[in-house]
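Written below as structure tokens is the structure these notes are about.
In this note's numbering, the protein residues as written are 246 to 382.
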């Protein structure tokens, strides 16, 4: 993949991670500390269990901000494919949470986005490897 387009993909991904994680953190904090919002049903009797939600969304925010500011390298595509594979798979493994919190649309959109990013980053990685191989000959 051309570095210009690779950088755009990484930036777009960073923007997604930033926006989605800020929304997730707001929902996590509302449910964990104030017993309100979509997660209140999940966290009402055990608000401390919100730690996993807050950690995951907090780390996604840190990754997004870091990627927004970091110099582009094609190796970021492998890293981001792994990040989104983890996040998308976790969404599927804990799909019942989306059902219980009555936020299926959020589950569909974010899970689809995670797997689209996996495919996009693997394609970018493969394309940049082909580009590198053809320029070395």
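For each residue, glycine too, the CB sits at the ideal point set by N, CA and C.
- Taking the CA atoms as reference points, residue 366 sits about 11 Å from residue 250.
- Secondary structure at residue 294: helix, using DSSP grouped into helix, strand and coil.
- Between the C-alpha atoms of residue 255 and residue 312 there is a straight-line separation of about 7 Å.
- If you ignore the 5 residues before and after residue 283, its C-beta comes within less than 6 Å of the C-beta of 272, 346 and 348, all in its own chain and listed in chain order.
- Cβ neighbours of residue 299 within its own chain (closer than 8 Å, five residues either side excluded): 270, 273, 274 and 277.
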